[in-house]
Structures are given as structure tokens and as C-alpha cells.
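Peer 1: Residue numbers (numbering that gives the first Met the number 0): 0 to 475.
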Amino acid sequence: MNILYIASEAAPFTKTGGLGEVIGALPQAVAGQKHQVRVMMPLYSAIPEEFRSKMRFVKYIYVPLAWRNLYCGLFELTRDGVTYYFLDNEYYFRRGDLYGSFDDGERFAFFSRAAVSMMTEIDWIPDVVHCNDWQTALVPIYMRVLYGDTEPYSAIKTVFTIHNIEYQGRFESSTLANVFGLPETLFSGGTMEFMGGVSLMKGAIELSDAITTVSPTYAEELKYGFYSKGLEGVINAHSSKITGILNGIDTKMYDPASDSNIAVNYDVKSIEKKADNKRDLQRLLGLSENPSTPIVAMVGRLAAHKGIDLVISRLDAMMDMDLQFIVLGRGEWHFEHLFSNMQHSYTGRLSANIAYNHTLAQKIYAGADIFLMPSQAEPCGLSQMIAMRYGTLPLVRETGGLKDTVVYDTSNPKSNGFSFANYNADDMMHVLYEACNLYASDKETWRKKQTVGMTQDFAWKPSAKKYSDLYKTLMK
């Protein structure tokens, strides 16, 4: 089959989070299932010159968008068996950041309409178009509403993946015709109407042939208002076409046996060398070089839904324990400010690194003992899987992909970490006490958990097989 992925970002060209990681790895894995795979994304000015210099200009067209008629150039690059198409319009994509502009709705409406238009301009017709998050939600909408009875669009199946339902692409009702160039009946008829405005994600759920989420548990959680942010009615109405498929990770990039960013390479047979990375991490961040004190670490966005409020509320109690604490990430300013100030109160025991730093993140995965993810909601989560690859045991709240990947039961041979169910700071602290106690008193059980985590198959191949099966089912 011919599979076309359309997304607003893809590693290694551009990446702001999990979406970029997924589109950087999943297409290659699906290509390994003997499909012809291509990817469309914007030609951002942020794409490094090392990639831009290898792109080949193919052609240009003019794209209709409401009352506008806009230039769109097409560039092509083939990498690791996948052909990438980059859609060019400097007005929309020559920006300092990928997202956050006042006209993001218009920018990604242009991208979506251009992607649909370009499908018939390249010498290759997809069987399945797979779109991702609100930035490409208009693709299946345009295909069905504007081109539904037209060949080849009428034969193409559409898949829409919800990576995070918190970002739904919500706009004023006036944008439907004036910005997106769609008929008002999509609002009055309810297809895209949401709380008096327009929801692009709702429209994609309504009009796509299949919906996926990034973990089985998240697919179930979205049936409830706490997780679906108001879209639970739409989710339940279309539950028969929703599938949860767990994301994978790049096991070549995240491999302690070959990672050039860490002090000493190791694998499951030489896990004792992890202690050298712990020592290196302590020296780098100015922590006391004590091998018997567990290092608890957090890497990621400093946002409330990541459970940062639970940590803040018990930070002094945590630091009363025999542990060292490391934070790496950016996010809400008050969390950044608080962690930065608190490290002065716990010199040598708390390190706050308010930055995005891939190299330091790798060192933390390799040198820490416990990886803390007390998320309020976590569609999939990649960090807990990466941590396990490095023999660092995750401590997570049982939600979304965290629940699907972390097993906390010492009697279970698949036990690979620690977890708590209720979104409650005391429950988190209770499990943290147990984890630190196990680290100090039972090295054999700790090593068993590390071994399970390091030998689990978190590669993309199993997930790619499930996506391949879904595509085949749609074509039947």
C-alpha cells in the first residue's frame, strides 16, 4: 500500500515534542512492513541547512484558501527509505517558532489545503492518508467536504491520530468560511461546532475513516470528560472506529551500549557500569558524590498536567529523605522560578536545570536511579520507556501510556518500576518511600526490575505492525 503521513513536525528536521519523535520513526517502521511510505510537512526556516541543501525542488502550485490564492512550493528529500515532501511558503513558515503565532489557524489551514492539493500533483497516489493532531485535522475535512466525490480522493482512506486532546484547534465560528474556506453548514449542522466555536479536532474525528490514540489506556480514558476536555460525546459516538496503539521509541538513539552522550557505555550484562554514569552526573551538576544515595530525576515540560504541582507540594518532604533530586526542562514560569530558588536551599542535593538539553537528558537517563512521572494525564509518554532502556526505574501515575508500560508488583516477573493510581501527593510520596527503601535494602530485586526494563521491546516494529493491520482493514 501507499501510505502518506501528514504532520506539522518530524525528527530530525524539526521537533518540539512527542509528535516529532513519532513522525520521525513510525514512517520508517511502517516502510519496514513492505509499504511505500511518504511524509508531508512544512518547510520551516528552522530546518537545518544540512537537510535543506539536500532537498530537490519539484514544482510549485497556487493553493485556494477561502478568498486567497497562495503560492506553495514542493521540495523533496529521501532519507532512510522514506520520501519527505516539504511544502514551502515563507510568509507562513519563515517564523522563529513552529507554533504560537497569532495566525496559527490560517497557517495550518494553508498547510492542510496545500497537502490535499499536492496529492494529485505528485506521481504517486496514496491509499491511506494518516494525519496527526489539530494542525492537520483539516486534511480529512477538506478531502471529504471539498473533494469527496472526486477521483482519486474518493478512494483514499483517512486516519487521524490524537496525540494530545488538550490541543484541539479551537477557533471562532467566523473562521470557518473566512479563514478555512469551508461551508457554514459544517457549523450549523454540528460537524465542527463546539461550545459556540469551531473545533478542528472534532471535525477530523467526525469525518475520518479511523481514529487512533497513542496508547490503549488513553483510548479508553478519552471516553470520560476529565481526559477528553469536552469531546467525550464525540469520542463515544465514534468509539467503534477508535484504536489505541502504543508508541515506540528509537531504540538505536536511546541505547546505553552506544550512546555517545554518556560517560560510560553499558548494557544489561554490564549494568554495574551505570554507577560510573551516576558519578559523572553528580560531578557535572554539583551533587554530592554518594553512590548509595538514590538520584530521583524529572525530564520534560514543567506544566501542571505533568504532575509538577504534586512534586512542589511535597518538595520539602522529599528533600528530608535520603535522596538527590534533578529537574531538567522548561515550562510554566512559576515552576521554573520555584525550582531555581529551591536548589539554593538544598545545595549539593537538588539540581534545577531550566533548559531543553538533549545531551544532559541522556546523561540523566543513564545516571539517575528513579525517573519520576506523576502525570495527571499522559497520552503515551516516551520518557518512562527511555528511562527503562537505561536501567532507571520509572515511578509513574497509572494513566495513559504510563499504565500500559510500567508494572509495579514485586511478585510479577514483568515488574519494571513503581506506580500509584490516585492523583494525590501523599500516594506519590508513599510509593517514593517504598522505591527508595527497595533501592537501599534489596539490590537483587532492584536489579531484576532493571533487567526487565532494559530487555523489553519498546521498538517501533510491534506498533508499526498494528498500524499496518489497521490500514489493511480500512482498504478491505
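Cβ coordinates follow ideal geometry from the N, Cα and C atoms, glycine included.
CB-CB under 8 Å to residue 429, same chain, minus the five flanking residues each way: which ones, in chain order?
Peer 2: Locating residue 429 in the sequence shown gives position 430, counting from the first residue. Hits under 8 Å: 419.
Peer 1: Go ahead and pull the three-state DSSP assignment for residue 317.
Peer 2: Locating residue 317 in the sequence shown gives position 318, counting from the first residue. It is helical.
Peer 1: For residue 448, count neighbouring C-beta atoms within 10 Å of its own C-beta (all shown protein chains included) and say buried if the count is 16 or more, exposed if not.
Peer 2: Within the sequence shown, numbered from 1, the residue matching residue 448 stands at position 449. Flag for residue 448 reads buried.
Peer 1: Using the three-state DSSP reduction, which class does residue 41 fall into: helix, strand or coil?
Peer 2: Translated into positions along the sequence shown, residue 41 becomes position 42. In this structure, residue 41 counts as strand in the three-state DSSP scheme.
Peer 1: Please return the same chain residues whose Cβ sits closer than 7 Å to the Cβ of residue 454, not counting the five positions on each side in sequence.
Peer 2: Counted from its first residue, the sequence shown places residue 454 at position 455. Counting only Cβ-Cβ distances below 7 Å, and skipping sequence neighbours, we find 267.
Peer 1: List the residues that DSSP assigns as beta-bridge partners of residue 134.
Peer 2: Position 135 of the sequence shown, counted from the first residue, corresponds to residue 134. Answer is none; residue 134 lacks a bridge partner.
Peer 1: Taking CB distances under 8 Å as the criterion, tell me whether residue 142 reaches chain D.
Peer 2: Note that chain D does not occur in the displayed structure, where there is just one protein chain.
Peer 1: Classify residue 480: buried if its beta carbon has 16 or more other beta carbons within 10 angstroms, exposed otherwise.
Peer 2: Nothing can be reported for residue 480: it is not among the residues displayed for the chain, which extend from 0 to 475.
Peer 1: Can you check whether the CB of residue 64 is closer than 8 Å to the CB of residue 109?
Peer 2: To locate residue 109, count along the sequence shown from 1; it is residue 110. To locate residue 64, count along the sequence shown from 1; it is residue 65. Yes, the pair counts as a contact, with Cβ atoms nearer than the cut-off.
Peer 1: For residue 400 versus residue 223, is the C-beta spacing smaller than 8 Å?
Peer 2: Here the question's residue 400 lines up with position 401 in the sequence shown. Here the question's residue 223 lines up with position 224 in the sequence shown. No, Cβ-Cβ distance for residue 400 and residue 223 is not below 8 Å.
Peer 1: Among 362, 307, 149, whose alpha-carbon lies nearest the alpha-carbon of residue 337?
Peer 2: Stepping through the sequence shown from its first residue, residue 337 is reached at position 338. Cα-wise, what sits closest to residue 337 is 307.
Peer 1: How about residue 1 and residue 35: do their beta carbons lie closer than 8 Å?
Peer 2: Reading the sequence shown from its first residue, position 2 is the one you call residue 1. Reading the sequence shown from its first residue, position 36 is the one you call residue 35. Yes, these two residues count as a Cβ contact at 8 Å.
Peer 1: Would you call the CB atoms of residue 227 and residue 164 closer than 8 Å?
Peer 2: Position 228 of the sequence shown holds residue 227. Position 165 of the sequence shown holds residue 164. Yes, Cβ-Cβ distance for residue 227 and residue 164 is below 8 Å.
Peer 1: Please identify the residue among 140, 304, 325 whose C-alpha is closest to the C-alpha of residue 287.
Peer 2: Translated into positions along the sequence shown, residue 287 becomes position 288. Closest by alpha carbon: 325.
Peer 1: Which residues share a DSSP beta bridge with residue 129?
Peer 2: Here the question's residue 129 lines up with position 130 in the sequence shown. Looking at the DSSP assignment, residue 129 forms a beta bridge with 4, 158.
Peer 1: Go to residue 75, then tell me how far its alpha helix (DSSP H) extends in each direction, as first and last residue.
Peer 2: Along the sequence shown, read from residue 1 onward, the residue named residue 75 stands at position 76. No alpha helix (DSSP H) contains residue 75, which is instead part of the beta strand (DSSP E) from 67-78.
Peer 1: Residue 357: buried (16+ other C-beta within 10 angstroms of its C-beta) or exposed?
Peer 2: Indexing the sequence shown from 1 puts residue 357 at position 358. Residue 357 comes out exposed.
Peer 1: Taking all protein chains shown into account, decide if residue 276 is buried (16 or more other Cβ within 10 angstroms of its Cβ) or exposed.
Peer 2: For the purposes of this step, residue 276 is identified with residue 277 of the sequence shown, where counting begins at 1. Flag for residue 276 reads buried.
Peer 1: Using the beta-carbon count (16 or more within 10 Å), is residue 459 buried or exposed?
Peer 2: Residue 459 sits at position 460 when you count from the first residue of the sequence shown. Flag for residue 459 reads buried.
Peer 1: Is the region 85-95 touching the region 126-142 in the sense that three or more CB pairs, one from each, lie closer than 8 Å?
Peer 2: No: fewer than three Cβ pairs fall under 8 Å.
Peer 1: Given a threshold of 16 other Cβ atoms within 10 Å of its Cβ, counted over all protein chains shown, does residue 299 qualify as buried or as exposed?
Peer 2: Taking the first residue of the sequence shown as 1, we reach residue 299 at position 300. It counts as buried.
Peer 1: Can you find at least 3 beta carbon pairs, one from the region 357-375 and one from the region 269-285, that sit closer than 8 Å?
Peer 2: A contact exists between the region 357-375 and the region 269-285.
Peer 1: Going by Cα to Cα distance, which pick from 398, 378, 376, 413 is closest to residue 387?
Peer 2: Here residue 387 refers to the residue found at position 388 when the sequence shown is read from its first residue. Residue 387 has its Cα closest to that of 413, out of 398, 378, 376, 413.
Peer 1: Assign residue 56 to one of two classes, buried (16 or more other C-beta atoms within 10 Å of its C-beta) or exposed (fewer than that).
Peer 2: The sequence position of residue 56 within the sequence shown is 57, counting from 1. Its Cβ having fewer than 16 others within 10 Å, residue 56 is exposed.
Peer 1: When we look at the beta-carbon of residue 443 and count the other beta-carbons within 10 Å, is it buried (16 or more) or exposed?
Peer 2: The residue given as residue 443 occupies position 444 in the sequence shown. Classification for residue 443: exposed.
Peer 1: Kindly indicate which three-state DSSP category residue 58 falls into: helix, strand or coil?
Peer 2: Along the sequence shown, read from residue 1 onward, the residue named residue 58 stands at position 59. Strand.
Peer 1: Would you list the residues sitting across from residue 297 in a DSSP beta bridge?
Peer 2: One-based indexing of the sequence shown puts residue 297 at position 298. For residue 297, which the question treats as bridged, DSSP gives the partners 326.
Peer 1: Starting from residue 87, follow the beta strand (DSSP E) in both directions and report where the run begins and ends.
Peer 2: Stepping through the sequence shown from its first residue, residue 87 is reached at position 88. Unbroken beta strand (DSSP E) run through residue 87: 81-87.
Peer 1: Is it buried or exposed for residue 202, if we count other Cβ within 10 angstroms and need 16 for buried?
Peer 2: Within the sequence shown, numbered from 1, the residue matching residue 202 stands at position 203. Buried: at least 16 other Cβ atoms inside 10 Å.
Peer 1: Checking the sheet assignment: what are the DSSP bridge partners for residue 35?
Peer 2: The residue you call residue 35 lines up with position 36 of the sequence shown. Answer by DSSP bridge pairing, in chain order: 1.
Peer 1: Which stretch, first to last residue, makes up the beta strand (DSSP E) that contains residue 198?
Peer 2: Counting from 1 along the sequence shown, the entry for residue 198 is found at position 199. 196-198 is the span of the beta strand (DSSP E), which, as asked, contains residue 198.
Peer 1: For the region 70-82 against the region 95-104, are there 3 or more C-beta pairs whose distance is under 8 Å?
Peer 2: They do not touch, by the three-pair rule.
Peer 1: Considering only their Cβ atoms, is the gap separating residue 367 from residue 434 smaller than 8 Å?
Peer 2: The residue labelled residue 434 in the question sits at position 435 within the sequence shown. The residue labelled residue 367 in the question sits at position 368 within the sequence shown. Their beta carbons are not under 8 Å apart, which means residue 434 does not touch residue 367 by this criterion.
Peer 1: For a minimum of 4 consecutive residues, which ranges assigned as the alpha helix (DSSP H) are wholly contained in the region 370-425?
Peer 2: 382-388, 399-404, all fully within the region 370-425.
Peer 1: Is it the case that the Cβ atoms of residue 346 and residue 321 are separated by a distance below 8 Å?
Peer 2: Position 347 of the sequence shown holds residue 346. Position 322 of the sequence shown holds residue 321. Taking 8 Å as the Cβ cut-off, residue 346 and residue 321 do not qualify as a contacting pair.
Peer 1: With a 10 Å radius around its C-beta and 16 neighbouring C-beta atoms as the bar for buried, classify residue 333 as buried or exposed.
Peer 2: Residue mapping note: residue 333 aligns to position 334 of the sequence shown, counting from 1. Flag for residue 333 reads exposed.
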